[in-house]
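Q:
Number of protein chains: 2
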Amino acid sequence: MRALTVHPGVPGSARIEEIAEPHASAGSVLVKVLAVGVCGTDREIIEGSYGAAPAGEERLVLGHESLGRVLEAPPGAELAAGDLVVGIVRRPDPVPCACCAVGEWDMCRNGRYTERGIKALHGYCAERVRIEPEFVVSLPPHLDRIGVLVEPTSVVAKAWEQIERIGRRAAWFPRSVLVIGAGPIGLLAALLGVQRGLSVHVLDRVTSGPKPQLVRDLGATYHAGAVNEACPGVDIILECTGVGQLVFDAMRSTSPGGIVCLTGISSGQRLLEANIAALNRSLVLENDVVFGTVNANRRHYEEAVGALARADSAWLERLITRRAPLERWREAIDRGPEDVKTVIDLSPPPSPAPLSR
Amino acid sequence: MRALTVHPGVPGSARIEEIAEPHASAGSVLVKVLAVGVCGTDREIIEGSYGAAPAGEERLVLGHESLGRVLEAPPGAELAAGDLVVGIVRRPDPVPCACCAVGEWDMCRNGRYTERGIKALHGYCAERVRIEPEFVVSLPPHLDRIGVLVEPTSVVAKAWEQIERIGRRAAWFPRSVLVIGAGPIGLLAALLGVQRGLSVHVLDRVTSGPKPQLVRDLGATYHAGAVNEACPGVDIILECTGVGQLVFDAMRSTSPGGIVCLTGISSGQRLLEANIAALNRSLVLENDVVFGTVNANRRHYEEAVGALARADSAWLERLITRRAPLERWREAIDRGPEDVKTVIDLSPPPSPAPLSR
Numbered sequence: 599m600r601a602l603t604v605h606p607g608v609p610g611s612a613r614i615e616e617i618a619e620p621h622a623s624a625g626s627v628l629v630k631v632l633a634v635g636v637c638g639t640d641r642e643i644i645e646g647s648y649g650a651a652p653a654g655e656e657r658l659v660l661g662h663e664s665l666g667r668v669l670e671a672p673p674g675a676e677l678a679a680g681d682l683v684v685g686i687v688r689r690p691d692p693v694p695c696a697c698c699a700v701g702e703w704d705m706c707r708n709g710r711y712t713e714r715g716i717k718a719l720h721g722y723c724a725e726r727v728r729i730e731p732e733f734v735v736s737l738p739p740h741l742d743r744i745g746v747l748v749e750p751t752s753v754v755a756k757a758w759e760q761i762e763r764i765g766r767r768a769a770w771f772p773r774s775v776l777v778i779g780a781g782p783i784g785l786l787a788a789l790l791g792v793q794r795g796l797s798v799h800v801l802d803r804v805t806s807g808p809k810p811q812l813v814r815d816l817g818a819t820y821h822a823g824a825v826n827e828a829c830p831g832v833d834i835i836l837e838c839t840g841v842g843q844l845v846f847d848a849m850r851s852t853s854p855g856g857i858v859c860l861t862g863i864s865s866g867q868r869l870l871e872a873n874i875a876a877l878n879r880s881l882v883l884e885n886d887v888v889f890g891t892v893n894a895n896r897r898h899y900e901e902a903v904g905a906l907a908r909a910d911s912a913w914l915e916r917l918i919t920r921r922a923p924l925e926r927w928r929e930a931i932d933r934g935p936e937d938v939k940t941v942i943d944l945s946p947p948p949s950p951a952p953l954s955r
Numbered sequence: 599m600r601a602l603t604v605h606p607g608v609p610g611s612a613r614i615e616e617i618a619e620p621h622a623s624a625g626s627v628l629v630k631v632l633a634v635g636v637c638g639t640d641r642e643i644i645e646g647s648y649g650a651a652p653a654g655e656e657r658l659v660l661g662h663e664s665l666g667r668v669l670e671a672p673p674g675a676e677l678a679a680g681d682l683v684v685g686i687v688r689r690p691d692p693v694p695c696a697c698c699a700v701g702e703w704d705m706c707r708n709g710r711y712t713e714r715g716i717k718a719l720h721g722y723c724a725e726r727v728r729i730e731p732e733f734v735v736s737l738p739p740h741l742d743r744i745g746v747l748v749e750p751t752s753v754v755a756k757a758w759e760q761i762e763r764i765g766r767r768a769a770w771f772p773r774s775v776l777v778i779g780a781g782p783i784g785l786l787a788a789l790l791g792v793q794r795g796l797s798v799h800v801l802d803r804v805t806s807g808p809k810p811q812l813v814r815d816l817g818a819t820y821h822a823g824a825v826n827e828a829c830p831g832v833d834i835i836l837e838c839t840g841v842g843q844l845v846f847d848a849m850r851s852t853s854p855g856g857i858v859c860l861t862g863i864s865s866g867q868r869l870l871e872a873n874i875a876a877l878n879r880s881l882v883l884e885n886d887v888v889f890g891t892v893n894a895n896r897r898h899y900e901e902a903v904g905a906l907a908r909a910d911s912a913w914l915e916r917l918i919t920r921r922a923p924l925e926r927w928r929e930a931i932d933r934g935p936e937d938v939k940t941v942i943d944l945s946p947p948p949s950p951a952p953l954s955r
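Protein chains in written order, with the numbering used here: chain B, 599 to 955; chain H, 599 to 955.
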């Protein structure tokens, strides 16, 4: 069967390969992969700057944002052939930390987690994969091809859960959120903000392409200026770019008791001239919080499924600005300036047959 | 009666004045002030860089770390003449924000709070003061002169409560804390860390004077080197200096899932060359939290009283490295390099009478 693989650490080593069928040891649920979403982490792995192959192997099967259909499931797994499913990305170490031991592998304290398609475990960008039943998430059939958004939505569901848990350190009635970056994570974060009844503002640098209208169609407000001018006195800032200057601006721009949630990662290395003492003073005198969040555990995947099921499916489909079949995977990796989410289709719908009269 | 007053904004304007007895409108509990602790905020006010007099007045009575004895209390106030008490510092605005409305004025969201001795309300450094019963905290008599440490301990009790509430965003079993700065706040934070059963490390730059031994006598470890070398992999960092470089080092030095609590304020304005993108990356990939905390509400004062009552009173008394009577207030303001807490005594114990044979 075919898979998209890479030699981690070697730029330009990604290619389609014929590989063996997945070994039974990878999990008792056999899944036919329908689609795999592409994100910045995949691009970093392809560029050779991130990722690790399984122990003793040279190449890694890519892909962590999955969508598939069950081919075989063991008895008692509450799964049946034909079910639409997503595979969870992270796995705890066999000797788990305190968080992994209770299923919170997204909060892993010892760094010994593994991740399918990223770190020491083969990913989902293959025609068939095997998954352990406890790492399979079932989707309602009507989510259909939008189900490929479950994994990035799980990251956002975790971010919102953590914002709310941290917010409960005191009385808190947030009204507004500023999302920085209108990529897939930013737009999904905005969606979940709207679902919470908040006044949602989204900041990005583009003024053309689909992003401004996608924001407006959520009932949110689109901004293209400076962070501190987008929504003065905002209660929550959800930073989704990882760009140093924007992160620093976010930390300085909340109202008293504000929460800044960092979800973005950039490879930027530029040094900023920063007055950290003044930043500290405003964090202290205003009781502000800045926190980072990564990955997601099962409850976040389940929340993500619920959030997507409640959303307008036509709006969600518009987030997927490009779909390429497996053999043309490069088209999904090469992201255009107006792309939001790009997807590799492993099971594209059949081309319509020519009409016969 | 005598009081220590200042013209906010005017450096060098502090002096002892004769002022009128406190007006009944200030509160129904009349208190004879025994002592007032001095902190960095008092020094900033005396230097003319902070503070505000009550509306329509020019001068502000200083003092927010109080200790007194009730002279008169209204019926039903659960207070009686002779009770040892401390006055709470902050008051909510008559039109309270959502936090102030539930008694969490320390988390005030609209900035319209007032503070005795700091912002728009006369402080406690006068021979007699009046306080509203709901802002009076009773102390067990055996706390005696150590009671002047209740206010700074309330700040630390709030910091620990917030650390623990934020920590509960996920499974969390912290084992170690690094306190940066061995001033009064740092040493009291270390005490409350020891009371929680944590492995406590304290970092300061001095290697002489009472601080290293005060730390060791708590059962904690004293360090005088770099932040990232003091306690690698520490779960919690409690920053008590506000110095930009130390704040930045703290943000970069926790273990995965770590919490950095900022409590210190400095007037430093030096710009640092900071790689904010790299800081962001580590906050995100490790699920780290950085938060600021200021002030305290009633429950924190009550926790502070309990923490001081459980501690070794001889160790606490050693934190007070200088006591000066009101007329020599400058001796308490001028902090020496080895001072921890300095106190203005408004009711010093009488000098021993000469022994007669």
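Every residue gets a Cβ at the ideal spot worked out from N, C-alpha and C, and that includes glycine.
1) Please check the pair residue 851(H) and residue 835(H), which I expect to be a contact at CB under 8 Å, by giving their CB distance rounded to whole angstroms.
2) Determine the DSSP secondary structure at residue 821(B), reduced to helix, strand or coil.
3) Considering only residues of the stretch 787-811 of chain B, which uninterrupted beta strand (DSSP E) runs meet the minimum length of 3 residues and lie entirely inside it, listed in chain order?
4) Output needed for residue 761(H): all residues of its chain with C-beta closer than 8 Å, excluding positions within five of it in sequence on either side, in chain order.
5) Whose Cβ in chain H lies nearer than 7 Å to the Cβ of residue 870(B)?
6) If you measure from the beta carbon of residue 706(B) to each beta carbon in chain H, is any gap under 8 Å?
7) Tell me the rounded alpha-carbon separation between residue 649(B) and residue 764(B).
8) What alpha helix (DSSP H) runs, 4 residues minimum, are completely inside the stretch 819-880 of chain H?
9) Can you tell me where the beta strand (DSSP E) with residue 714(B) in it begins and where it stops?
10) Going straight from the alpha carbon of residue 600(H) to that of residue 907(H), what length do you get?
11) How big is the Cα-Cα spacing for residue 619(B) and residue 727(B)?
12) Would a check of beta-carbon distances place residue 606(H) closer than 8 Å to chain B?
13) Only counting runs of 3 or more residues, tell me where the beta strand (DSSP E) segments fall wholly within the stretch 869-939 of chain H, in order along the chain.
14) By the three-class DSSP mapping on this structure, what secondary structure does residue 691(B) have?
15) Work out the CA separation of residue 632(B) and residue 658(B) for me, nearest whole Å.
16) Just checking my contact of residue 750(B) with residue 796(B) at CB under 8 Å: how many whole Å lie between their CB atoms?
17) May I ask which residues mark the beginning and end of the alpha helix (DSSP H) holding residue 765(B)?
18) For residue 886(H), which residues in chain B fall below 8 Å Cβ to Cβ?
19) Ignoring anything shorter than 4 residues or poking outside the stretch 603-675 of chain B, list the alpha helix (DSSP H) runs there in chain order.
20) Give the C-beta separation of residue 636(B) and residue 902(B) to the nearest angstrom, bearing in mind that I take them to be a contact with Cβ-Cβ under 8 Å.
21) Using the beta-carbon count (16 or more within 10 Å), is residue 803(H) buried or exposed?
22) Please say whether residue 872(B) and residue 778(B) have beta carbons closer to each other than 8 Å?
23) Between which two residues does the beta strand (DSSP E) harbouring residue 729(B) extend?
24) Output needed for residue 793(B): all residues of its chain with C-beta closer than 7 Å, excluding positions within five of it in sequence on either side, in chain order.
25) Is it the case that the stretch 908-925 of chain H contacts the stretch 874-893 of chain B, given that we only count it when at least three CB pairs across the two stretches are under 8 Å?
26) Quick one: does residue 923(B) have its CB under 8 Å from some CB of chain H?
27) Just to confirm my understanding: we take residue 809(B), look at its own chain, exclude 5 residues before and 5 after, and list those with CB closer than 6 Å. What are they?
28) Could you check the C-alpha separation between residue 682(B) and residue 912(B) for me, to the nearest Å?
29) Between 766(H), 670(H), 862(H), 831(H), which lies nearest to residue 679(H) when the distance is taken from Cα to Cα?
30) Counting along the chain, where does the beta strand (DSSP E) carrying residue 778(H) start and finish?
31) Which same chain residues end up closer than 7 Å to residue 829(H) when comparing Cβ atoms and leaving out the 5 residues on each side of it in sequence?
32) Beta-carbon separation of residue 756(B) and residue 898(B) under 8 Å?
33) Anything in the stretch 775-804 of chain B with a Cβ closer than 8 Å to a Cβ of chain H? List those residues in chain order, please.
34) In three-state terms, what does DSSP make of residue 701(H)?
35) On the three-state DSSP scale, how would you describe residue 743(H)?
36) Pairing CB atoms from the stretch 880-899 of chain B with CB atoms from the stretch 691-707 of chain B, are three or more of them under 8 Å?
A: So, to answer that:
1) 6 Å
2) The DSSP-derived three-state label of residue 821(B) is strand.
3) 797-801
4) 834, 836, 857, 859
5) Result: 872, 874.
6) yes
7) 31 Å
8) Listed in chain order, they are 825-828, 842-849.
9) Where residue 714(B) is concerned, the enclosing beta strand (DSSP E) starts and stops at 712-714.
10) Approximately 31 Å, taken between the alpha carbons.
11) 8 Å
12) Residue 606(H) does not count as touching chain B.
13) Runs of the beta strand (DSSP E) inside the stretch 869-939 of chain H: 870-872, 887-890, 918-923.
14) coil
15) Answer to the nearest angstrom: the Cα atoms are 19 Å apart.
16) 20 Å between Cβ atoms; not a contact.
17) 748-765
18) Within chain B, the residues whose beta carbon sits less than 8 Å from that of residue 886(H) are 889, 890, listed in sequence order.
19) For the stretch 603-675 of chain B, whole alpha helix (DSSP H) runs of length 4 or above, ordered along the chain, are 638-644.
20) Residue 636(B) to residue 902(B), Cβ: 18 Å. No contact.
21) The residue in question, residue 803(H), is exposed, as its Cβ has fewer than 16 Cβ neighbours within 10 Å.
22) no
23) 726-729
24) 905, 908
25) no
26) No, residue 923(B) lies away from the interface with chain H (no Cβ there is under 8 Å from its Cβ).
27) Taken in chain order, the residues that qualify are 780, 802.
28) 19 Å
29) Looking at the Cα atoms, 670(H) is the closest of the given residues.
30) 774-778
31) Same-chain partners within the cutoff: 774, 776, 799.
32) yes
33) none
34) coil
35) helix
36) yes
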